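Trainee: Under mature numbering (1 follows the signal peptide of the UniProt record, and there is no 0), residues -23 to -1, 1 to 182 are what the sequence shown spells out, in order. C-beta atoms are modelled at their ideal positions from N, C-alpha and C, and glycine is treated no differently. Source: prediction; values computed, not measured. I have a structure I would like to understand better, so I am pasting it below and will then ask my questions one at a time.
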Amino acid sequence: MRRYLVLACVLVLAGCSATPGPAAPATSATAPVTSTSASDGAVNPDPAKFAPQVVARAREAGVDPQLVLAILYNENYKPHDPQLERAWQNLKPDAAFGVANMHRATYEQTRRGRSFAGRDWQELPDDPDLAIQAESWYLHDLAAQLPAKHSGQYTTGELLALGYNAGPGNMKAFARGTKPGTQVQTYLSDLRANWAKAGAAVGKG
């Protein structure tokens, strides 16, 4: 909640004076699954509205759509408005972009060799479908790094979510039985709380 209030204050303080990021290119390597735009979030902030994109992009990347959407719920702690995100990024250059809250370095690594390789990180705030596509492929990449055997304390989906939140190195440590810190444990608790509604939204409930 505190982060939400901080971000709202940024929009009030910097909204008119913030310099927008570069405009998105006119062409795209991958067409959006639907016409849903980031600005729709101001009207309907429920990530379930992205269920069609989630199902399509998760299938494309070979990952669980329920996991993809549950992570979107976790990452929905702030309003995903393009103007707000860019105003915040002007104050905090390492801030994440898009409905899946992806950092630049992660996006740059994930897009290599993929159908969206020609898309720029700066496009994420304006294109939820691209953000979901990048999230799905990053989960695919994390799954490839997950040890075949792990402690059993967490499900595979939970470990991938922890990797999404804390990075692959920490994910591997958690798979070996390392206990997460308070912030990561909260992320896991939120994931579990969001799991059922994410499943229902993608038809797995």
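Does Gln86 pass the burial test, meaning 16 or more other C-beta atoms within 10 Å, or should it be called exposed?
Mentor: exposed
Trainee: Beta-carbon within less than 8 Å of Leu165's beta-carbon, same chain only, minus the 5 sequence neighbours each way: which residues are those?
Mentor: Tyr131, Glu135, Ala138, Leu139 and Pro157
Trainee: Look at the alpha carbon of Ser128 and the alpha carbon of Ala64, and state the distance between them as a whole number of angstroms.
Mentor: 42 Å
Trainee: Residues in the same chain with beta-carbon distance under 6 Å from Leu116, minus the five sequence neighbours each way, listed in chain order, please.
Mentor: Val40 and Leu137
Trainee: If I follow the unbroken alpha helix (DSSP H) through Glu135, where does it start and stop?
Mentor: Thr133 to Ala143
Trainee: To the nearest angstrom, report how far apart Ala73 and Ala25 are at their CA atoms.
Mentor: Straight-line Cα distance between these residues: approximately 21 Å.
Trainee: What residue from Ala143, Glu100, Ala175 and Gly180 has the CA that sits closest to Gln160's CA?
Mentor: It is Ala143.
Trainee: Does Phe151 come out as helix, strand or coil in the three-state DSSP assignment?
Mentor: helix
Trainee: Return the chain-ordered list of same chain residues with a C-beta closer than 6 Å to the C-beta of Gln43, the five sequence neighbours on each side being excluded.
Mentor: Same-chain partners within the cutoff: Ala175, Gly176, Val179 and Lys181.
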